[in-house]
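The numbers in the sequence shown follow my numbering, run straight up by one, and end at 381.
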Amino acid sequence: MRKQNLFTGSMLLLIMIGMSSCGNKKEMVTTENFGSFDGKEVSLYTLTNNQGNVVKLTNYGAAIVEVNVPDRDGNKANVTFGYDNLEGYVNGDPYFGKVVGQFANRIARGKFSLEGVDYTLALNNFPNALHGGPTGWHSRVWTPEVLQNTDYPAVKFTYDKPDMEEGFPGNVVAEVVYTWTDENELIMDYKVTTDRNTVINITNHAYFNLHGTGNGDILDHEALIRASAFTPVDSTLIPTGELRSVEGTPFDFRTPHLIGGRIGEEYDQLILGGGYDHNYVLDNVEEVDAEVYDPSTGRFLQVITDQPGVQLYTGNFLDGTQTGRGGKVYQYRSGFCLETQHFPDSPNQAAFPSVILTPVEPFLSSTVFRFGVR
Ligand code: BGC
């Protein structure tokens, strides 16, 4: 009888554990109010994985707000730029952690033609158009959905872009699903569809500092980029069309080098870019396309993508005027970006991989930011 009770008791316990882990699963994403913009509700989503590591997202600009990961001694810090509140996002730097579209990076003089029709975009980075225009996807409230029955915490954001908004043809539907795995991988799965031919280039514009944001610059971080060539730019940061081998240049990160090791060299492209602000032509042969490692904390970020390019941007335009989450001030070169993408100005460069999106086939793409220590 007693045995029976014990058995029943342990069955009950197991059932309760089962129930509570289901319960935990649901609570892997919590939602709180983050204000409203344009008459739409904006929320802050907290995703917690089974290591207790936290990523925060918002549906304003489909942005990554925080990534909290341990250093090699287990001390956690937020390693990405963001703001404490919606006002910061609306009035501050437009791109921190945002999904950028409909065309990430620059289009020369804001002009391109598609099937014989000329399109003109706003010149928000004179004389060029940058990151989908002044009111591109980064400045929109996306429709949120906390995904249920997933293995890991996951949130989907959708933006319905009306035809010709910011000058881009097509009623376009863009979706990004963020998944935060137990291995500290932030997966971004993109799907974009259109009802008529258009151009697409989508990225996430997160800035990282692996010391923890607000703690010095990123010149002492070591970068590895598996790219044998990059796309040199003119004085307005538009690719010239050349694919230049990195061999023998300060752009060669095929073996790890400090970001700051060669950044001050008198090399034409470093002078034009004010540092690194260039698209790399990824070799796309190994799983990890790029990695940045901080020897002092042991933290690394690996970037894995199916896109043909990645923009290494070393925060050359940061100037200490932005105060972000937790009162951290973002100084010159205190953050780096690895923006996975198609090559800048592709609509005007026939030799670059095509960025044309048709109604026949959706644009599907994935990028992973994998965090770890060693
Ligand atoms: C561009 C930089 C720009 C930065 C912030 C990067 O993608 O290449 O030139 O300053 O975004 O807008």
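C-beta: ideal position from N, C-alpha, C; glycine also.
Residue i classed as buried or exposed, judged by whether at least 16 other C-beta atoms fall within 10 angstroms
i, result
"residue 47", "exposed"
"residue 241", "exposed"
"residue 59", "exposed"
"residue 4", "This structure cannot speak to residue 4, because the chain is shown only from 8 to 381."
"residue 371", "exposed"
"residue 304", "buried"
"residue 208", "buried"
"residue 81", "exposed"
"residue 172", "buried"
"residue 293", "exposed"
"residue 79", "exposed"
"residue 225", "buried"
"residue 375", "buried"
"residue 120", "exposed"
"residue 155", "exposed"
"residue 140", "buried"
"residue 229", "buried"
heavy atom of ligand 1 below 7 Å from residue i C-beta
i, result
"residue 88", "no"
"residue 138", "yes"
"residue 244", "yes"
"residue 326", "no"
"residue 346", "yes"
"residue 135", "no"
"residue 112", "yes"
"residue 102", "yes"
"residue 352", "no"
"residue 7", "Nothing can be reported for residue 7: it is not among the residues displayed for the chain, which extend from 8 to 381."
"residue 320", "yes"
"residue 241", "no"
"residue 284", "yes"
Rounded separation between residue i and residue j - CA only
i, j, result
"residue 28", "residue 117", "Residue confidence for residue 28 is low, a pLDDT of 38 falling below 50, so the modelled location carries little weight; the figure read from the coordinates is stated next. About 52 Å."
"residue 187", "residue 123", "43 Å"
"residue 30", "residue 197", "With a pLDDT of 40 at residue 30, under the threshold of 50, the modelled position of that residue is not reliable, and no figure is offered here."
"residue 332", "residue 113", "28 Å"
"residue 126", "residue 158", "43 Å"
"residue 194", "residue 160", "11 Å"
"residue 182", "residue 313", "17 Å"
"residue 55", "residue 134", "43 Å"
"residue 347", "residue 252", "19 Å"
"residue 33", "residue 92", "Note that residue 33 scores 43 on pLDDT, short of 50, meaning its location in the model is unreliable and no value can be drawn from it."
"residue 345", "residue 233", "12 Å"
"residue 138", "residue 206", "13 Å"
"residue 343", "residue 281", "14 Å"
"residue 362", "residue 149", "23 Å"
"residue 6", "residue 238", "Residue numbering for the chain in the displayed model covers 8 to 381; residue 6 lies beyond these limits and cannot be assessed."
"residue 38", "residue 330", "24 Å"
"residue 44", "residue 170", "22 Å"
"residue 278", "residue 184", "37 Å"
"residue 102", "residue 367", "31 Å"
"residue 87", "residue 64", "11 Å"
"residue 36", "residue 105", "19 Å"
Identified DSSP bridge partners for residue i
i, result
"residue 187", "193"
"residue 112", "According to DSSP, which records beta bridges pairwise, residue 112 is partnered with nothing at all."
"residue 84", "76"
"residue 127", "118"
"residue 345", "319"
"residue 3", "Because the chain is modelled from 8 through 381, residue 3 falls outside the range shown and cannot be assessed."
Item checked: Cβ pair count under 8 Å reaching 3, the segment 271-289 against the segment 312-329 -> yes
Margin query: So, does the segment 61-75 touch the segment 92-100, judging by three or more C-beta pairs under 8 Å?
Written below: yes
Next item on the list: Flag this pair as touching only if the segment 164-173 and the segment 323-343 have three or more C-beta atom pairs under 8 Å; answer yes or no.
Entry: no
Notebook entry, point to check: When the Cβ atoms of the segment 347-355 are set against those of the segment 240-254, are three or more pairs found closer than 8 Å?
Noted result: yes
Notebook entry, point to check: Between the segment 205-224 and the segment 258-265, do at least 3 Cβ pairs fall closer than 8 Å?
Noted result: no
Notebook entry, point to check: Should the segment 270-281 be called in touch with the segment 140-153, which here means at least 3 C-beta pairs below 8 Å?
Noted result: no
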